Amino acid sequence: MSVPVLEMKQISKSFYGTQVLKNVSLTLGRGEIHCLVGENGAGKSTLMNILFGMPVITNTGGYEGTVLINGESVAFDSPRAAIEAGIGMVHQEFMLLPGFSVTENVKLNRELTRPNPFSMIFGKKLETLNRRQMAKDTRSALDRLGMTIDEWVPVAGLPVGYLQFVEIAREIDKENLQLLVLDEPTAVLTESEAEQFLGVIQRLAQSGISILFITHRLDEVMAVADRITILKDGELVSSGPKEDFTITQIAELMVGRRIDTEARKKRTTRPKDEEVVLEVRDLRVNMPGEALRGIDLDVFRGEILGIGGLAGHGKVGLANGIMGLYPSQGKVLYEGQEVPLNDTQAVLKLGLAFVSEDRRGVGLVLEDTIANNIVLTSMQSQDKFLKPGLLKLKDEKRIINHALESIDKFDIRCTGPEQIVRRLSGGNQQKVCLARAFTQEPKLLFVSEPTRGIDVGAKSRVLELIVELNEMGVTVVFTSSELAELRSIADRIAIIYEGRLAGILPPDAPDVQYGLLMAGKSLEEVGSR
Amino acid sequence: MKERLVAIYHGFGLPRLIIAGFLLLLLIIAAGTELSVPGLLSDALVRIGQNGIYVLAMVPSIQAGVGLNFGLPVGVICGIVGVLVAMEFTLLGFKGFLVAILLAVPLAIGAGYLYSLLINRVAGQEMMVGTYVGFSVVAGMCIFWLMAPFKNPALIWPVGGQGLRVTLTLADTFAGVLNNFLAFEIFGLKVPTGLLLFYGLIAFIVWLFFRTKAGVAMEVVGRNPRFAAASGLSLNKYRTLGIIMSTVLAAIGYTVYAQSFGFVQLYNGPLMTAFPAVAGVLIGGASTREAKVRHAILGVVLFQTLLTVAMPVTNQLIEGNISEIARVVVSNGMILYALTRATGGEQA
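Residue numbers (the working numbering), protein chains in the order written: chain V, 4 to 532; chain S, 66 to 413.
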């Protein structure tokens, strides 16, 4: 067997003491399509960043293990070095200049030039562009992709699907390209575009270019992959030729059994009746990157409803849309009463509260004290903590007393209620957010990503607090990227896929069902397996 | 004890300590020359009261997240119109002063509202836009002063019967009504009691406002607009309120300034009013994102005292008139310093 194009051996990497990759190895032969699958945070991007010598790796102490290209050990210290070695990458976000034509984008920074009198005097930078040759090269790259668009069309007006192809054209136009990394390229494509796209990458592979393909769509994996590698929590779970796997197996391996039963045991009461407290009908939320495209959902009184799904599929759009932070349309009924959309003040007055996934951006006033952060929303939306009288002066004494109580109840580690919130750790900041929501005495609470970026100890405390609030009679809609977390405290878990509800599962449903729902299978298909 | 000193030092801030030290040094030097120290301090007290409300006008705009109100002349013009109308009808003493304020405030509310419509459309560049709004309004009003239907011969050009003069005196109407109210003298130090009391009253009202529900809301909007939106607050409502308050304070500030100064300067007179006020609040420890009433008070005391004391003292020490240059360098240098550090606050 010939020397593999790429070999990554025993790669380990930690960020500030957190291990994100553990002894991951990967081999890629010439002309092979290798699919890399795993949940968000499984370590896929880190692995690619290492391959590309991204500054984020070198600046955080490098990595352990070796990378071999064509059998030679390399250690790229910059993306430029990786590009020179023949590695191309197509990013999830388009890196194209909208005002430039297709040709100009393809040839950006690699323009073909001819000398002219000025350049002879002032140097190479002033050489004339050889536009004809540039267009010719671009044409041939586009032809290889089966694209019929004109090479001088400006990129700005092209449909999203085409942009992806222009990016690939740019990469294959590089003569020494031998390895192409595609990071979730089909996420933004329509079904027919994606199909065309898969055809193109198969053709590329046949022409001898090796492809490393990152995707969440398991159908695509089965359609094109030669080999499959599955990562979970920074570890390689399984790797082998496609024939060794079925979709079901991949889904199961991706999600893995990590259920944390500890928090679960603490719940003593269960929701008794099945009374619908919140009815969501055809809700569309225009939240950039997390759009909801029409969702129907019922929330029962007293339950903890988990909302899961992969990043970018719209799970955090639900709470943000109902709370009026992003433009939304549709119908939401709370206790039979219509909830005015896009009017945060009115929603707060109905008794709904929200702990945002963007703790530092939306959840807190970082420069303000703990005490103020806890009472601000209640003061403004419910006129609490104000002295009687026309002036509506704030009642400093009650604010401080309430803050002291909250600090005690929520176990906020701080020097006192006057401490500036910015100085607190992430976990304690999150507790302040929960205290603020609790101060509103809500009947329905939305909590989004409450454990993101906080340490393990604070994590379990935050989850406990959510359960405690629930036991006091608050209905909780709990959104999280961590399935294990959802399964540990939620009564039901709704999975969102591409802005729609993929299905609702009980927390003890088998891993494979979760994996399939997250990969875009419907509940009927899941059930039939 | 030591910890408390450190805490006081941190609350006060190094720049203010340096300025205060420099002031003390100037006063010691002044004592060694033929200058009268009580005289200098009397002047300083007048200038503090005269400019104090302008500096206070910066507080609502900064707290609402609009930044420093470089469009201060918008309010100042309203104040001028109020004063001119009072003069047109030769209203004397307190009556003139009060009528001027009562006319100026509604005008300033209207002008501030219009100004806020513009400012709310240029979020992120309020200070730049405000500067040019100030300049444009002053220039535009030059035409108004020429055309305005004032008839009192004391106000208009003697020849032609139309158009207001460049400088008008208030000596015959209400110059010094506040300054002389309950004024007394102690060890050669003249205290303009009425002026300082009025300033104190306005400062108290602003301070009180920021302890009300609306004041807290304005502060939240300024500190974190996204949090404010998530708490159901309307950003533009509180930004508008902040700008209107700032404009109204500028208008009141002008009437107080005019009665103390004794003259009304039209045409390009109000062009630069925003700059000493901006410098004042920044010297007091405010930043472009955070300003408290105490910053405004401390700032106006330090800045105006420095100007009144530094000018005659440097004139004594150095040949030629360098004081005006020093004033420009200090005030603009201070603005530059503070703008480069947007966070500032207590550490500035």
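All C-beta atoms, glycine included, are put in the ideal place defined by N, C-alpha and C.
Everything numeric in this text was worked out from a predicted model, so none of it was measured.
If you measure between the beta carbons of residue i and residue j, is that distance less than 8 Å?
| i | j | result |
| --- | --- | --- |
| K397 (chain V) | M382 (chain V) | yes |
| P445 (chain V) | A356 (chain V) | yes |
| A322 (chain V) | F125 (chain V) | no |
| F200 (chain V) | L192 (chain V) | yes |
| V288 (chain V) | S241 (chain V) | no |
| L24 (chain V) | S15 (chain V) | yes |
| F2 (chain V) | E170 (chain V) | Nothing can be reported for residue 2 (chain V), as the shown portion of chain V is limited to 4 through 532. |
| L520 (chain V) | V435 (chain V) | no |
| A493 (chain V) | I499 (chain V) | no |
| F55 (chain V) | P82 (chain V) | yes |
| L137 (chain S) | Y119 (chain S) | yes |
| D222 (chain V) | K245 (chain V) | no |
Got a sec? Which residues, its chain only, sit under 7 Å from residue i by beta carbon, not counting five neighbours each side?
| i | result |
| --- | --- |
| L92 (chain S) | V102, V374 |
| G327 (chain V) | L344, N345, D346, T347, V350 |
| S17 (chain V) | V23 |
| N73 (chain V) | V6, V8 |
| G41 (chain V) | K47, I233, L234, K235, M257 |
| E338 (chain V) | V280 |
| I403 (chain V) | A374, P420 |
| R220 (chain V) | T189, A522, G523 |
| L486 (chain V) | V258, G311, Y517 |
For residue i, count neighbouring C-beta atoms within 10 Å of its own C-beta (all shown protein chains included) and say buried if the count is 16 or more, exposed if not.
| i | result |
| --- | --- |
| P218 (chain S) | exposed |
| G305 (chain V) | buried |
| V480 (chain V) | buried |
| L247 (chain S) | exposed |
| C207 (chain S) | exposed |
| D176 (chain V) | buried |
| T418 (chain V) | exposed |
| L382 (chain S) | exposed |
| Q369 (chain S) | buried |
| R464 (chain V) | buried |
| Q340 (chain V) | exposed |
| L335 (chain S) | According to the sequence shown, residue 335 (chain S) is Pro rather than Leu. P335 (chain S) should be labelled buried. |
| T264 (chain V) | Per-residue confidence for T264 (chain V) stands at a pLDDT of 47, beneath the threshold of 50, marking its modelled position as unreliable; no derived number is given. |
| E284 (chain S) | buried |
| P125 (chain S) | buried |
| P453 (chain V) | buried |
| G199 (chain S) | buried |
| D146 (chain V) | exposed |
| F252 (chain S) | exposed |
| T320 (chain S) | buried |
| L111 (chain V) | exposed |
| D247 (chain V) | exposed |
| V394 (chain S) | exposed |
Considering only residues of the same chain and omitting the five flanking positions on each side of residue i, which have a CB-CB separation below 6 Å?
| i | result |
| --- | --- |
| Y264 (chain S) | G114, G117 |
| E293 (chain V) | G317, V319, G320 |
| L243 (chain S) | G259, L260, F263, Q324 |
| T305 (chain S) | S181 |
| P188 (chain V) | V93, Q167 |
| V365 (chain S) | I113, N116, G117, V120, G345 |
Who are the near neighbours of residue i in its chain, counting only those whose CB is closer than 8 Å to its CB and skipping five residues on each side?
| i | result |
| --- | --- |
| Q205 (chain V) | I36, V227 |
| K352 (chain V) | S384, Q385 |
| E174 (chain V) | G91, M92, V93, L180, L183 |
| N119 (chain V) | L129, E130, T131 |
What whole-angstrom Cβ distance do residue i and residue j have, given they're in contact under 8 Å?
| i | j | result |
| --- | --- | --- |
| G518 (chain V) | M257 (chain V) | 5 Å |
| E373 (chain V) | V302 (chain V) | Residue identity differs from the one stated: residue 373 (chain V) is Ile in this sequence, not Glu. So it is not a contact: roughly 31 Å between Cβ atoms. |
| L211 (chain S) | G195 (chain S) | The Cβ separation is near 26 Å, so there is no contact. |
| R291 (chain S) | V365 (chain V) | 5 Å |
| A122 (chain S) | G307 (chain S) | Going by Cβ atoms, the distance from A122 (chain S) to G307 (chain S) rounds to 10 Å, so no, they are not a contact pair. |
| V139 (chain S) | A176 (chain S) | 5 Å |
| G164 (chain V) | E196 (chain V) | 4 Å |
Evaluate the contact criterion for the stretch 100-116 of chain S versus the stretch 254-267 of chain S: three or more CB pairs, one atom per stretch, below 8 Å. yes
The stretch 79-89 of chain V touching the stretch 107-127 of chain V, judged by at least three CB pairs closer than 8 Å: no
Counting Cβ pairs closer than 8 Å, one from the stretch 334-348 of chain S and one from the stretch 154-167 of chain S, do we hit at least three? no
Within the chosen definition, does the stretch 72-80 of chain S reach the stretch 319-334 of chain S through at least 3 CB pairs nearer than 8 Å? no
Three or more C-beta pairs closer than 8 Å, one from the stretch 310-323 of chain S and one from the stretch 163-174 of chain S: is that the case here? yes
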